[in-house]
Amino acid sequence: MKIYYNPKLKELARQLRNNATKSEIKLWQQLKGKRMYGYDFHRQKPIDNYIVDFFCNELKLAIECDRYSHQLPEVWDKDVIKENRLNELGIAVLRFSDEMIMNDISNVIRSIENYITNFEANK
């Protein structure tokens, strides 16, 4: 399935990149420059009617950094709708809390590496 790039979200994505959270910056340090097994990740990528925190087209993988507000029912419901739509487009979604990224980055990286290993094994 073709992944639709929404140009209307381009400016908002730029603003989000320029105002990244500490956890987004920390995770980006691990993903940028093809540091993750040579895969190219992008920050704040518009897809369909959503913006994902990190995206690798080759892996069809979105990574979301969830702040505390994502535990609120109204935000959680939107996250579920967003994730379902991304799944319909053939995109897998990994979610990590800000707390996990800030306090346990090694397990976050291990989870991403596990996804990549499984992806490569099933090519």
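Under my numbering, think of the first position of the sequence shown as 35, with each following residue one higher.
Where a beta carbon is used, it is the ideal one built from N, C-alpha and C, also for glycine.
Residue pairing by DSSP places Arg144 in no beta bridge whatsoever.
For Leu65, the enclosing alpha helix (DSSP H) has its first and last residue at 56-65. The beta-carbon distance between Glu98 and Asp87, rounded to whole angstroms, is 5 Å. This is short enough to meet the 8 Å contact definition. The segment 134-154 and the segment 60-70 touch, with three or more beta-carbon pairs separated by less than 8 Å. By the Cβ neighbour-count rule, Ser140 is exposed, with fewer than 16 other Cβ atoms within 10 Å of its own. Bounds of any alpha helix (DSSP H) do not take in Glu98; it lies within the beta strand (DSSP E) bounded by 95-100. Take the alpha-carbon of Phe130 and the one of Arg48: they are about 22 Å apart. For Ile135, the enclosing alpha helix (DSSP H) starts and ends at 132-137. In this structure, the CA atom of Ser145 is about 31 Å from the CA atom of Glu45. At a Cβ-Cβ threshold of 8 Å, Leu61 and Ile135 count as neighbours.
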